[in-house]
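Trainee:
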Amino acid sequence: MAALLPRQNVSGPDKGSFPLDHEGLCKLEMRKYMKCLYEGGRDHMKCRTEARGYFQCRMDNKLMDKEEWSKLGFHDQVGDSPNISKSHS
Numbered sequence: 001m002a003a004l005l006p007r008q009n010v011s012g013p014d015k016g017s018f019p020l021d022h023e024g025l026c027k028l029e030m031r032k033y034m035k036c037l038y039e040g041g042r043d044h045m046k047c048r049t050e051a052r053g054y055f056q057c058r059m060d061n062k063l064m065d066k067e068e069w070s071k072l073g074f075h076d077q078v079g080d081s082p083n084i085s086k087s088h089s
């Protein structure tokens, strides 16, 4: 008989849920990223360009909110923002 494990408190994602790409708008970018991970021995640091392309596609197609690159882990690319509107009326 399996022993009961104590319950763990699980929290949701930091930015909440986000729409899935049902229409495949960013499928090409996702495949480029996955191919890079596969060929690079699953080392995500080797695939930062592909990851950024995927995030950019998701932001451009309103599949995620536009966010500063530094907040997405791209601290070395702070000056190049993903076309974020600076005016909040």
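According to full-length UniProt numbering, the sequence shown is numbered sequentially starting from 1. Glycine residues also receive a C-beta, built at the ideal position from the N, C-alpha and C atoms. Remember, it's a predicted structure, so these values are computed and weren't measured experimentally.
So Phe55 is in the alpha helix (DSSP H); what residue range does that whole segment cover?
Mentor: 48-60
Trainee: Under the three-state reduction of DSSP, which class applies to Met30: helix, strand or coil?
Mentor: helix
Trainee: With H, G and I counted as helix, E and B as strand and the rest as coil, what does DSSP make of Lys66?
Mentor: coil
Trainee: Rounded to whole angstroms, what's the CA-CA distance from Thr49 to Gly40? Just pull it up for me.
Mentor: 13 Å
Trainee: Considering only the beta carbon of each residue, do Cys57 and Cys47 sit closer than 7 Å?
Mentor: no
Trainee: To the nearest angstrom, how far is the alpha carbon of Phe74 from that of Glu23?
Mentor: 27 Å
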